[in-house]
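The listed protein sequences derive, respectively, from chains A and B. Numbering of the first sequence is given in the UniProt record's numbering, commencing with residue 1 and proceeding in unit increments. Numbering of the second sequence is given in the UniProt record's numbering, commencing with residue 1 and proceeding in unit increments. All residues carry an ideal CB built from backbone N, CA and C; glycine is no exception.
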Amino acid sequence: MQVTSSLREPLITGGKTLKDVTHDVSRHVEGKPTLSWILALLTSVGVLGVGAIALAATLWEGIGMWGLNKTIGWAWDITNFVWWVGIGHAGTLISAVLLLFRQKWRMAINRAAEAMTIFAVICAALFPVIHMGRPWVGAYWALPLPNTFGSLWVNFNSPLLWDVFAISTYFSVSLVFWYIGLIPDFATIRDRATGLRKTIYGALSFGWDGAAKTWFRYEAVALILAGLATPLVLSVHTIVSFDFATSVIPGWHTTIFPPYFVAGAIFSGFAMVLTLMIITRKVFKLEDYITIGHIELMNIVIIITGSIVGIAYITEFFIAWYSGVAAEQYAFINRAFGPYWWAYWAMMTCNVISPQLFWFKKIRTSIVLTFILSIVVNIGMWFERFVIIVTSLHRDFLPSSWAMFSPTWADMGVYLFTFGLFFTLFLLFAKFFPVINMAEVKSIVKSSGEKVKK
Amino acid sequence: MKEIKKTYWKGVEELTNDPAFIKNADREFPELPTQEENTPSRRDFLKLMGFSLAAASLAACEAPVRKAIPYVNKPVDIDPSIPNYYASTYNIGGDYASIVVKTREGRPIKIDGNGISPTTQGGTSAQVEASVLSLYDKQRLSGPMANGESKDWDAFDRELAGKFASASSITIVTNTILSPTTEKAIAKFADKYANVNVVTYDPSSNYGILKAADVSYGVKGIPTYHFDKAKTIVSFGADFLGTWISPIEFSKDYAQTRKISKERPEMSRHYQFESNLSLTGANADYRTPIKASKSGLAVLALYNALAKKAGASTFTAPAVEVEHLDKAANELWANRGASLVVSGSNDPNVQVVVNAINDLLGNNGKTVDFSRPSYFRKGDDAAMNKFVVDLKAGRIDAVVFHECNPAYDFAKGEEIADNISKAKLTVSTNDTLNETASLVQYVAPTHHFLESWNDYSPRLGEYSLAQPTISPLFNTRQAPESFLVWAGESMTYYELLQEEWKAHFAKQDVIADFQTFWDSSLHNGVVEEAFTPVSLSELNGLEQAASAVAKAYKSDNAGTELIVYKKIGVGTGVMANNPWLQEMSDPISKATWDNYLTVSQKWANENGLRMVEGATRKAKLTVGDKSLTVPVLVQPGQAEGTVGLAIGYGRTKAGRVANGVGVNAYELLTTGGDFVNFDITDGVTVELTSDTYSIAQTQTHQTYMGREFVVQESTLGAYKEDAFAGRYRPEIYKDGKFVKPSKVSLWKGHKYSQHHWGLAIDMNSCVGCGACTIACQVENNVAVVGKQEVLNRREMAWIRVDRYYSSDADVKDLKGLEIASENPEVTFQPMMCQHCNNAPCETVCPVAATTHSSEGLNQMTYNRCIGTRYCANNCPYKVRRFNWFKYHDNKDFSVVNVAQNDDMGKMVLNPDVTVRARGVIEKCSMCVQRIQAGKLTAKREGRPVRDGEINVACAVACPTDALVFGDMNDAESRVSKLLKIQENELEAIKEVGEERAYHVLEEINVSPNVWYFTKIRNKDKSEA
């Protein structure tokens, strides 16, 4: 039984009926692709193609195509990796954690957020593979597979190996969770379709029959998966942060990293969800489903996580000073005032100052400003990872090895490749999959749609 | 009839009806498998199928065919995989080293120093180490050439003999010939033809010293210096540790005075007065930058100061204010007979005054010995100048350029090149078609020294032999042999050599027959002979010299001065086509692949130039009527108002590697006053242009940022009071008390039950010469990556020598600490894999490609590496190197990485060390191949490994014995004794009693197996 306050704003506006929901969501799947969608897809594929040249050059010639050097062994590759993984946090958080907390507003956005998660994790997972000097062996040697190399085993001490487990677990759970949610909606589309479309969506819906028992099982599975996915939201970025926290490099060797990374991940994930949602609701005319209320709530999450990240930045400085370790102190002073000061201050501005603007109701309920700030936050979060990785490495213990990093066209190209991949996948998803969880949204239409009540 | 049926048993088994017996009773050969067992099973079928499929698909992939042809008749002394060692001699121009050549399967692959040699004492230099690659240089000529066409030797010699016969006079132009037998061969040539005249010059001339020795004492030769006997050393611009005359010998001697211990806390004090910051200046206790125009006056002022003390007459000269000069004079005087004054000036007058100073100090016969001349430099600039004049005037009829390249490396090279055609007959014996050889009619290419028989006499009474370590690779002929042929002699050069050595045989009475004497001489490489010291005249010529100096030098020259110097790697440019030397990081500037104008920081500030990551601007350098555009390098320590430029670059016909690298500084040298002047004090202007340029430096951060956990140093005075002086000893609070970082660990710690390899590095005796870096490159097949990749900060060096300048800034002023002092103190710190016992790289590798050995080594398994570079990031010493590209068999790197791309160059590779593939990490292995070989030898001989038997390439090469390698589990080993290892147990973490020994970054407790000894400067305590 859902008790709804009559004072509470309805989650779905516009007095939608159940039929409206089905129709509004399914029509994009069933209709012909729109011109704007085709243009967007062509652009994405174009970016993907351009990026593929850089990727091919890297794979063919070697990692030397990038701007890395003897001192800076990771830069854009791992920055991009952590950035994409971070973005991939929001989906699961929204669908799993908010499901457990019975936050109904999530229902309109969880589908797209989860899709985004999965595509972001795919983009992220590319980097650990392509950043290897020998990906053709590394791609499977990094797995604990039985082998005939003389019982060669992986090194369980290595945080990189933990990454392999964390990312693959997160990816598989997210994928299953997302797909299970899609099944009733695929069945809805199947029921409305004819011909080949019916066969395809029929296969995708795994023979969904809409029986009470099926629904019961569906909800049980969703709850179990939500329970499984919740710790993963925390674990993935915790483990990613171990790549740095367990090392000896000043600026990396920091115990604050796990919570700080998780907060940062949610921060950037929500920002990315906002970016995509604002476009999607506009293009697919879903303003009644994804309302200002959604945007506002998500902006509040951004204020909170942005502030956590800000406190973490300050804490790091304090601890560096308090530690009394010269190299550690220098690493942080160098971040703020060294040759990469601009990256640090870009990060501070984008991540700490800009989200504070959301304290103003006017700003956090403005679509345009939210859109701009969501992009600013993601730029800031990219710089955060760049600052952590590059400015810590470029001046570590021995001044003789201090160096600078500058990206090459291949660095940028590979990053573009993942953008192309991400948007291509997202556009295909938006066209062929129901972007809003019809089944779930219908449950809140009943309790909050005024039209039905009357 | 009763049936008799006897039963015979084959064995007890049959009688007892053993079940195993019954089972096989009907089979003739019970031990063979039964029929059924032999029937192919399904599994066998699958196995076979699988194998065939795999084999077929493998065969389908075209495996490259590598032909390994076994010996039909194996040479007696060549065993595959067993190295042979031959004593020989390195000699290029006057540069000399007695060496031991390691050959594998008949190929020379490594050059080590010959410890028996009293001159080089087992040390080598970067050039000596690198010279083995020049042997396999494809730029060498493959046979004689006449007028640009290849000829066979017979036709060539016939044609040439006719020409020689018709020449009215023949001039032989050569660099210093250190070989008495070569001189003999030339003498035979001179006997045959009319008017043969030999003109000797040296690209890095020391004519001033030669001339001064003649003027002062009537001696023909450079004196023998004994830096080991000097307590006070004063050098005016002589880079005796780097490039001056015999740097290996001087480094060996000098290092003896720089090794200190608590038992003997004494070291020499070294003053350097110079314009460029030289390697020697970098090691000086007191260094004063002075303008070259003043240097003569400074020498004279020192003479006057000492003369005053001695009561001798002084000379009037313009007064000069030179910091530390009075202090130097006082200490020189206090250490009469145990002090040494040297000067790098090529001005004979200055050298005469230097001779007088040493004479006043009573150093003659003690630290400087004219009665035993050395022969490293015989170049006569005056004669060479005359030759150029004669050539211009068309007075030279025939000229033979004997293994020299004056068109490039003589001050008037351009004039030689322009007028060479005026000679009727021009011949060269050079082994490449260099700037000179390409202009002559006949080229009779000589052997590489590793293909040659020869003998050398570095100084009176000392001889060394060179023997071929490989058959000639090309159709070349050793130059002295050519002279013999042209002289119409029927004897070979080898026969002449033996004949000459019969004279040496006669002078000794230890060995009775010549063959034994010859064999033992060849085996040892060096022979010392009793000699009669040269008698000296009384010191002459001082008055004239002093007044000439007082006149020629100025105390107030306002103009810019150019000091032309020689770099340790490329040197005079003879070996410029050697990529190892081109990519060697200069010990001072840390630059590779270039020469550049060194300017002072003050000049750079005034001109608004700041170097960031090697990015700089070009300047227009004008000397007289010549001008060059040359990149500028900001050099702390450069004397104000001076600039420096290295010779050896700007080659146009050296070969693919060196052509077009840098600019030719020889063009700027002047020859006024008959000597080649390397200090150009007149008519020099430097104008900064707006053209940008990047100099490829391996180190771009100059200072150590006051980091005591990296560099620990003190002064001798402080050390005498407290052996821990300068030590930074971090402590960590644990359980109520402060303990050493090694007492706090997550790890249980390794136990090394057999060996525990360690390396002790004395920063006090390391002079920073970089011989170790090239030795390592040769030994471990380290790739050369070329200028662009060095600019990208991707050089592959396994061992580097970090060079740090001091800064004037306060330790709290982090920005200020980045700026080096105007005249900095310099510290050298060789840095290689520290083989940590708690190695940060080992824990982070996801595939366990880098692991710890049971002997304390951190090992890298290239085959397993997937190239995540996590280990390199987590290495606090940044010694891990990644193969960013495929450096071998890759046309993009074929020009620079000759040793791994060119079929000839590959012959230099050490077959015991893998050439690394693209995408894997590599690093110092502590020459694990040598450790394994040494252990195997010991095992085969059934004895423990002896200390010193296994040694790493860097330590072997080191001319100052700054690196000591050994087994820290062996209480008697040198390294254990040096470190004073207490309670010598099998624990990984050794307690070390030596006060000076420290770990770099001790506080992070990675527990390296490499120890550093504090740098102690012999300064007064107050001047720390």
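- Distance between W83 of chain A and F270 of chain A, taken at the CA atoms: about 13 angstroms.
- Look at T16 of chain B here: in three-state DSSP terms it is helix.
- Between A988 of chain B and H701 of chain B, the C-beta spacing is not below 8 angstroms.
- Within the stretch 326-400 of chain B, the alpha helix (DSSP H) runs of at least 4 residues that lie entirely inside it are, in chain order, 348-360 and 381-392.
- Not a single C-beta of chain B is nearer than 8 angstroms to the C-beta of G227 of chain A.
- Beta-bridge partners of R1017 of chain B (DSSP): B:T715.
- A check of alpha carbon separations from V549 of chain B across B:F315, B:G786, B:A185 and B:K47 identifies B:F315 as the nearest.
- In this structure, E1003 of chain B lies away from R727 of chain B, with their beta-carbon atoms at least 8 angstroms apart.
- Apart from sequence neighbours up to five positions away, the residues of its chain that approach A282 of chain B with a beta-carbon distance below 7 angstroms are I588, G768 and V826, ordered along the chain.
- One thing to note: K502 of chain B has its Cβ no nearer than 8 angstroms to the Cβ of E529 of chain B.
- At a cut-off of 8 angstroms between C-beta atoms, Y330 of chain A counts as an interface residue with respect to chain B.
- Rounded to whole angstroms, the gap between the alpha carbons of D912 of chain B and E249 of chain B is 31 angstroms.
- In this structure, S235 of chain A lies away from A193 of chain A, with their beta-carbon atoms at least 8 angstroms apart.
- For E855 of chain B, same chain residues with a beta-carbon under 7 angstroms away, outside a window of 5 residues either side, are Y752, Q754, H755, H756 and W757 in chain order.
- Proximity of chain B to G251 of chain A at the Cβ level (cut-off 8 angstroms) is not reached, the minimal Cβ distance being about 11 angstroms.
- Under the Cβ criterion (8 angstroms, minimum of three pairs), the stretch 239-257 of chain B does not count as touching the stretch 353-360 of chain B.
- The beta carbon of C123 of chain A is closer than 7 angstroms to those of W84, T418, L421 and F422 in its chain, skipping five residues each way along the sequence.
- T280 of chain A sits in a helix when the DSSP states are folded into three classes.
- In this structure, the alpha-carbon of G655 of chain B lies about 21 angstroms from that of A696 of chain B.
- Interface with chain A (8 angstroms Cβ-Cβ cutoff): H523 of chain B is excluded.
- In this structure, A619 of chain B lies near V632 of chain B, with their beta-carbon atoms less than 8 angstroms apart.
- For A848 of chain B, a Cβ of chain A is located within less than 8 angstroms of the residue's own Cβ.
- Within the stretch 64-78 of chain A, the residues whose Cβ lies closer than 7 angstroms to some Cβ of chain B are G64, N69, K70, T71, G73 and W74, listed in chain order.
- Between the alpha carbons of V1006 of chain B and N838 of chain B lies a gap of roughly 5 angstroms.
- For chain B, the residues of the stretch 119-134 of chain A that bring a beta carbon within less than 9 angstroms of one of its beta carbons are P128, H131, M132, G133 and R134, in chain order.
- Excluding its 5 nearest sequence neighbours in each direction, K886 of chain B has C-beta neighbours in its own chain below 6 angstroms: R918, listed in chain order.
- Listed as beta-bridge partners of M831 of chain B by DSSP are B:R800.
- Taking CB atoms only, D411 of chain A has no neighbour in chain B less than 8 angstroms away.
- Within chain A, not a single residue places a beta-carbon under 8 angstroms from that of C404 of chain B; the smallest gap is close to 39 angstroms.
- For the 8 angstroms CB-CB criterion, V964 of chain B and A971 of chain B do not form a contact.
- When the five nearest sequence neighbours on each side are left out, the beta carbons in the same chain lying within less than 7 angstroms of the beta carbon of M347 of chain A are those of G380, F383, E384 and V387, in order along the chain.
- Pairing S452 of chain B with V895 of chain B, the inter-Cα distance amounts to about 27 angstroms.
- Around the beta-carbon of Q121 of chain B, 16 or more other beta-carbon atoms lie within 10 Å, marking it buried.
- By the criterion of a C-beta distance shorter than 6 angstroms, G905 of chain B is surrounded in its chain by Y136, V898 and A899, once the five residues flanking it on both sides are discounted.
- Think of a sphere of 7 angstroms around the beta carbon of L1001 of chain B: the chain A residues whose beta carbon falls inside it are F397, in chain order.
- Of the candidates B:K939, B:D762 and B:R864, B:D762 places its Cα closest to the Cα of V1000 of chain B.
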